[in-house]
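Numbering (this note's numbering), first residue to last: 1 to 294.
Quick reminder that beta carbons are idealized off the backbone N, C-alpha and C, glycines included.
The structure presented is a predicted model; accordingly, all values stated were derived computationally and were not measured.
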Amino acid sequence: MLRPPRSLWKDAWYQFRRHTLAMAGMVTLIILILGTMIGPLIYTTPINGIDFGRAIQGPSVAHPFGTDDLGRDMLARVLWGGRVSIAVGITAVLLAITLGTGVGALAGYFKGLDNPLMRVTDLFLSLPILPLLLIIIFLFRDTLRKIFGPEIGIFLMIVTVIGILTWMPVARLVRANFLSLKNKEFVEAARAVGATDTRIITKHILPNVLSSVLVAATLGVGGAIILESTLSFLGLGFPSDVPTWGRLLFDAQNYLDLAPHLALFPGLAIFLTVLSVNYIGDGLRDALDPRKGG
């Protein structure tokens with residue numbers, strides 16, 4: 001008796017499960033996300049509870065990750081900070097994917113838009129990301145703080161800037177896929193029955209590009225988290241009472257000899273998150289590659 005054919009996504013999941021590092025990365029990422037989302041509800045120690053009598057203490061039963069220079073509990077701050085860092089990474093990548101997919105689709109489908117849009121893409125690719133990030137933050141940080149408040153204003157600024165400066169690789173990837181698909185038989189058939197360009201792009205070509213976009217999005221999350229951590233480490237991210245992982249590293253730099261645990265745990269959280277996301281991206285890339293299908 002013949003088995004029914006597997007769908008693309010079922011086959012991709014089968015291939016993904018065979019990628020040991022990708023599965024390990026997925027389990028690690030799930031644990032990290034659940035820890036940052038649910039952990040603060042279980043471990044209810046205040047993130048800004050100051051106790052100078054407990055300052056700069058190493059890991060203990062009372063404080064598993066130790067305390068900082070103000071006696072604040074590091075486990076509570078690492079768990080809470082993960083919410084912000086992961087939210088920045090995911091939101092910034094969603095913005096970058098949206099911009100990149102739109103530009104790439106237009107450039108790949110409409111011949112007249114290809115050259116100008118790709119020149120704009122090349123222009124953005126030539127810009128040094130980190131120096132430009134620093135300039136934009138210096139120029140608009142205070143204004144956004146006044147309008148949206150210190151936390152939401154910084155969040156919107158960092159997410160927007162990272163998204164605007166990281167969409168270019170996605171645009172080139174989507175454009176290449178559109179160029180290879182727009183003259184295929186199923187697209188010509190759609191044109192023959194009178195489908196509009198918008199319908200062809202959204203209903204016929206774009207679904208066939210989503211696998212590549214998904215891989216790019218997964219790999220982009222790690223880069224966005226590192227960028228946010230870099231900005232916070234330079235003291236240009238969230239305010240001091242918002243403990244992102246990068247901000248915790250910034251606060252720990254003056255105590256590396258005296259209290260290395262202050263940098264160890266947030267640094268380890270960043271390392272594990274980025275590594276697991278990259279392994280998941282590698283697994284998705286292999287699983288969605290038709291040449292490796294089982």
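For L214, which residues of its own chain have a beta-carbon under 8 Å away from its beta-carbon, when the five flanking residues on both sides are left out?
The sequence position of residue 214 within the sequence shown is 214, counting from 1. Cβ within range, chain order: L284, L288.
Counted within 10 angstroms of its Cβ, other Cβ atoms place K182 as buried (16 or more) or exposed
The count along the sequence shown starts at 1 and reaches residue 182 at position 182. It is buried - the Cβ of K182 has at least 16 other Cβ atoms within 10 Å.
Shortest alpha-carbon distance to R172 belongs to which of G223, M157, G108?
Your numbering for residue 172 matches position 172 in the sequence shown. The shortest C-alpha to C-alpha distance from R172 to any of G223, M157, G108 is the one to G108.
Would you list the residues sitting across from D51 in a DSSP beta bridge?
Numbered from its first residue, the sequence shown carries residue 51 at position 51. Paired residue(s): none; D51 is not in a bridge.
Span of the alpha helix (DSSP H) around T121
Residue mapping note: residue 121 aligns to position 121 of the sequence shown, counting from 1. Following the DSSP letters along the chain, one finds T121 inside the alpha helix (DSSP H) bounded by residues 111–125.
Is the beta carbon of Y43 sitting closer than 8 Å to the one on A76?
For the purposes of this step, residue 43 is taken as the residue at position 43 of the sequence shown. For the purposes of this step, residue 76 is taken as the residue at position 76 of the sequence shown. In contact: Y43 and A76 (Cβ atoms closer than 8 Å).
P128 lies in the alpha helix (DSSP H); which residues open and close that run?
Within the sequence shown, residue 128 is the residue found at index 128, counting from 1. For P128, there is no enclosing alpha helix (DSSP H), since its DSSP letter is neither H nor E.
Given R141, which residues of its chain have a CB within under 8 Å of its CB, disregarding the five upstream and five downstream residues?
As a working mapping, residue 141 is identified with position 141 in the sequence shown. Contacts found: G153, I154, M157, L236.
To which residues of the same chain is M1 closer than 6 Å at the C-beta, ignoring the five residues directly before and after it?
Residue 1 sits at position 1 when you count from the first residue of the sequence shown. Caution is warranted here: a pLDDT of 45 is assigned to M1, below 50, making its placement in the model unreliable, and no coordinate value can be reported.
In or out: T36 buried (at least 16 other Cβ within 10 Å) or exposed?
For this step, residue 36 is matched to residue 36 along the sequence shown. Label assigned to T36: buried.
My output table needs one value for D142: the three-state DSSP class, helix, strand or coil.
Numbered from 1 along the sequence shown, position 142 holds the residue referred to as residue 142. Reduced to three states, the DSSP call for D142 is helix.
If you count every other CB in all the chains shown that lies within 10 Å of the CB of I31, and 16 or more means buried, which is it?
Locating residue 31 in the sequence shown gives position 31, where the first residue counts as 1. Answer is exposed; the Cβ neighbour count stays below 16.
Let me check understanding here. Comparing Cα to Cα, which of H63, A259, R119, G222 lies closest to L94?
Here residue 94 refers to the residue found at position 94 when the sequence shown is read from its first residue. Of the candidates H63, A259, R119, G222, the one whose C-alpha sits nearest the C-alpha of L94 is G222.
Have a look at the DSSP bridge pairing and note the partners of D73.
Position 73 of the sequence shown, counted from the start, is the residue given in the question as residue 73. Secondary-structure assignment with DSSP links D73 through a beta bridge to T67.
In the structure shown, what three-state DSSP assignment does I56 receive?
The residue you call residue 56 lines up with position 56 of the sequence shown. In the three-state reduction of the DSSP assignment, I56 falls in the coil class.
Give the straight-line distance between the Cα atoms of P131 and A190, rounded to the nearest whole angstrom.
Here residue 131 corresponds to residue number 131 of the sequence shown, with the count starting at 1. Here residue 190 corresponds to residue number 190 of the sequence shown, with the count starting at 1. Roughly 46 Å between the two C-alpha positions.
Return the chain-ordered list of same chain residues with a C-beta closer than 7 Å to the C-beta of V242, the five sequence neighbours on each side being excluded.
One-based indexing of the sequence shown puts residue 242 at position 242. Excluding residues within five positions, the ones whose Cβ falls inside 7 Å are V84, E151.
Ordered along the chain, which non-local residues of its own chain (more than five positions away) have a Cβ less than 6 Å from that of D51?
Against the sequence shown, residue 51 aligns to sequence position 51. The residues are G71.
What do you reckon, are the CB atoms on H204 and F186 nearer than 8 Å?
For the purposes of this step, residue 204 is identified with residue 204 of the sequence shown, where counting begins at 1. For the purposes of this step, residue 186 is identified with residue 186 of the sequence shown, where counting begins at 1. By the CB criterion at 8 Å, H204 and F186 fall inside the cutoff.
Please determine, among G246, S180, A259, L262, the residue with the shortest C-alpha to C-alpha distance to I270.
Mapped onto the sequence shown, residue 270 falls at position 270. Per the Cα distances, G246.
Please classify A18: does DSSP put it in a helix, a strand, or coil?
Position 18 of the sequence shown, counting from 1, holds the residue named residue 18. Going by the sequence as given, residue 18 is Arg instead of Ala. The answer is coil: DSSP assigns R18 none of H, G, I, E or B.
What is the C-beta distance between I56 and Y255, in whole angstroms, given that I count them as a contact (C-beta under 8 Å)?
In the sequence shown, counting from the first residue as 1, residue 56 sits at position 56. In the sequence shown, counting from the first residue as 1, residue 255 sits at position 255. Contact between I56 and Y255 is confirmed by a C-beta separation of about 7 Å, below the 8 Å threshold.
When burial is assigned at 16 or more other CB atoms within 10 Å of the CB, is P266 buried or exposed?
Your numbering for residue 266 matches position 266 in the sequence shown. P266 comes out buried.
What residues in its chain sit with their C-beta under 6 Å from that of L133, if we drop five residues either side in the sequence?
On the sequence shown, position 133 is the one that residue 133 refers to. Here the set comprises V161.
So the candidates are F16, D69, G82; which of them puts its Cα closest to the Cα of V40?
Position 40 of the sequence shown, counting from 1, holds the residue named residue 40. With the sequence shown as reference, residue 40 is identified as Pro, and Val is not the correct amino acid for it. Nearest C-alpha to P40 among F16, D69, G82: G82.
By DSSP, does V161 sit in helix, in strand, or in coil?
Within the sequence shown, residue 161 is the residue found at index 161, counting from 1. If DSSP states are grouped into helix, strand and coil, V161 belongs with the helices.
Straight-line CA distance for I137 to V120?
Locating residue 137 in the sequence shown gives position 137, counting from the first residue. Locating residue 120 in the sequence shown gives position 120, counting from the first residue. Roughly 22 Å between the two C-alpha positions.
Using only the alpha-carbon positions, how far apart do A252 and L262 sit?
As a working mapping, residue 252 is identified with position 252 in the sequence shown. As a working mapping, residue 262 is identified with position 262 in the sequence shown. Taking the straight line joining both Cα atoms gives about 5 Å.
CB-CB length for D68 against T45, believed under 8 Å
Stepping through the sequence shown from its first residue, residue 68 is reached at position 68. Stepping through the sequence shown from its first residue, residue 45 is reached at position 45. At roughly 13 Å, the Cβ-Cβ gap does not stay under 8 Å, so D68 and T45 are not in contact.
Thinking just about the alpha-carbon of each residue, which of A176, L127, L210, I47 is nearest to the one in T166?
As a first step, residue 166 is located in the sequence shown; it is residue number 166 there, counting from the start. For T166, the nearest C-alpha among the options comes from L127.
Rounded to a whole number of angstroms, what is the C-alpha to C-alpha distance between I33 and L227?
The residue labelled residue 33 in the question sits at position 33 within the sequence shown. The residue labelled residue 227 in the question sits at position 227 within the sequence shown. Each residue's Cα considered, the two are about 19 Å apart.
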